[in-house]
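Single-structure report; data block below.
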Amino acid sequence: MEMQNELVEALCLKHERTHSVYRLMRILVHSGFFVKQSVSTRPGSNDEEEGEGYLLAPVSRLLLKDEPLSVRPYLLAALDPMLIDPWQHMSDWFKNDDVTSFHTTHGMMFWDLLGQQPKLNQFFNEAMASDARLLTSVILENCRGIFEGLDSIVDVGGGTGTVAKAIAEGFPDIRCICFDLPHVVTSLVGSKNLSYVGGDMFEAIPNAHAVLLKWILHDWSDEECIKILKQCKEAIPSKKNGGKLIIIDMVVKVQQGENELLKTQLFLDMMMMSLVTGKERTEKDWAKLFVNVGFSDYKITPILGLRSLIEVYP
Numbered sequence: 001m002e003m004q005n006e007l008v009e010a011l012c013l014k015h016e017r018t019h020s021v022y023r024l025m026r027i028l029v030h031s032g033f034f035v036k037q038s039v040s041t042r043p044g045s046n047d048e049e050e051g052e053g054y055l056l057a058p059v060s061r062l063l064l065k066d067e068p069l070s071v072r073p074y075l076l077a078a079l080d081p082m083l084i085d086p087w088q089h090m091s092d093w094f095k096n097d098d099v100t101s102f103h104t105t106h107g108m109m110f111w112d113l114l115g116q117q118p119k120l121n122q123f124f125n126e127a128m129a130s131d132a133r134l135l136t137s138v139i140l141e142n143c144r145g146i147f148e149g150l151d152s153i154v155d156v157g158g159g160t161g162t163v164a165k166a167i168a169e170g171f172p173d174i175r176c177i178c179f180d181l182p183h184v185v186t187s188l189v190g191s192k193n194l195s196y197v198g199g200d201m202f203e204a205i206p207n208a209h210a211v212l213l214k215w216i217l218h219d220w221s222d223e224e225c226i227k228i229l230k231q232c233k234e235a236i237p238s239k240k241n242g243g244k245l246i247i248i249d250m251v252v253k254v255q256q257g258e259n260e261l262l263k264t265q266l267f268l269d270m271m272m273m274s275l276v277t278g279k280e281r282t283e284k285d286w287a288k289l290f291v292n293v294g295f296s297d298y299k300i301t302p303i304l305g306l307r308s309l310i311e312v313y314p
């Protein structure tokens, strides 16, 4: 816990900014990032005074750099000017023929720019890894049943393998494949039950008992998703033989009315509209995709906060 004056000193701020720090902390307390407490300064002395101290709120620990499940990299990526600027050009985009507002702003698609901007690419990869660590910890603790009976699984768009590593460690009998673009996985080293495979999910996906798509499909249009899902269906055995597709993505429930969860989902949908060709989908949207590809059934388990666990069967 730090006093207001101590915050100014610790952050090497000008003393004249003390009141401004108070105003900043006031909104951060109101927003739930900190908890304010009254504390005694110089306790036991003749000049003991009452002051204000601040404690981190529990959720704010997720923003600490050294927190194991920190989402700090995700926040830094989301607030990068290159991702914020497209919002400023949204009105222009509505009047032109560009695929996305990101293209209007930067002259190329998001995925193409990542390949040209090492810093942004690093932010993006670190953001996806931090999200994967947090999500995987929840899945392995509360959803272990989805992996039972599997002898192999391929994590499509698995990046540097954060999720695949966790599954491989948690289930030593499952052969795990982390599948991503060749330049992402070429230099990565696997383990006894973890391997890295490079390729293009639009062209072919390695065969496995199950395919995992974690926050992949919301990046792509319906037409592009159908192409990806067809490759997934080709890669797994029949439902009778235990094949399934595991999707971790949002299921927007607009019928719930206005609430913070829905508001966040809808803002993320705006982000998808701004940056890429994808969108956040309702259950009806998901069902339409599955039917178009020829899947026989699906089950949605809404236990991951903003996102849901969707099991899809061939």
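The numbers in the sequence shown follow UniProt numbering, run straight up by one, and end at 314. Glycine included, every Cβ here is placed at the ideal spot set by N, Cα and C.
Is the stretch 119-128 touching the stretch 87-100, taking contact as three or more C-beta pairs under 8 Å?
With a cut-off of 8 Å on Cβ pairs, the stretch 119-128 is not in contact with the stretch 87-100, counting fewer than three such pairs.
Exposure label - residue 321; buried when at least 16 CB within 10 Å:
In the structure as shown, the chain begins at 1 and stops at 314. Residue 321 is therefore absent and cannot be evaluated.
Does the structure place the stretch 62-73 close enough to the stretch 131-143 that three or more beta carbon pairs sit under 8 Å?
Using a C-beta cut-off of 8 Å, the stretch 131-143 makes contact with the stretch 62-73, since at least three inter-stretch Cβ pairs fall below that distance.
So is R281 buried or exposed if we call it buried at 16+ other beta carbons inside 10 Å?
buried
Measure the Cβ-Cβ separation of E283 and I146 and say whether it is below 8 Å.
no
Shortest alpha-carbon distance to L245 belongs to which of V251, V254, N259 and K230?
K230
Return the chain-ordered list of same chain residues with a C-beta closer than 7 Å to the C-beta of L55, the five sequence neighbours on each side being excluded.
M1, F34, V35 and Q37
Buried/exposed call for L213, threshold 16 Cβ in 10 Å
buried
Grab me the residues of T299's own chain with a C-beta within less than 6 Å of its C-beta, minus the 5 sequence neighbours each way, in chain order.
For clarity, residue 299 is Lys in the given sequence; the question names Thr instead. Excluding positions up to five away in sequence, the list reads E311.
Using 10 angstroms around the beta-carbon of C178, count the other beta-carbons present and answer buried if the total reaches 16, otherwise exposed.
buried
For my contact list, L217 and G170 are in at a C-beta cut-off of 8 Å; report their separation, rounded to the angstrom.
Not really, about 24 Å apart at Cβ, beyond 8 Å.
Using a 10 Å radius around the Cβ and a threshold of 16 neighbouring Cβ atoms, would you call A166 buried or exposed?
buried
Where does D269 fall in DSSP's three states?
helix
Nearest-angstrom Cα distance between G199 and G159?
12 Å
Between the beta-carbon of M272 and the beta-carbon of G278, is there less than 8 Å?
Their beta carbons are under 8 Å apart, which means M272 touches G278 by this criterion.
Range of the contiguous alpha helix (DSSP H) that encloses M109
Membership of M109 in any alpha helix (DSSP H) is not indicated, and neither H nor E is assigned to it by DSSP.
For the alpha helix (DSSP H) that contains D249, what are its first and last residues?
For D249, there is no enclosing alpha helix (DSSP H); the enclosing beta strand (DSSP E) covers residues K244 to V252.
So I303 and C143 are in contact, right, with Cβ under 8 Å, and what is the actual spacing, rounded?
7 Å
Which complete alpha helix (DSSP H) runs does the stretch 158-237 hold, if anything under 4 residues is left out?
162-170, 182-185 and 222-235
Leaving out five residues before and five after S238 in sequence, what residues of the same chain have Cβ atoms less than 6 Å from its Cβ?
P314
For G107 and G242, which I take to be in contact (beta-carbon distance under 8 Å), what is that distance rounded to the nearest angstrom?
That pair is no contact at about 47 Å.
May I ask which residues mark the beginning and end of the beta strand (DSSP E) holding P302?
D297 to L304
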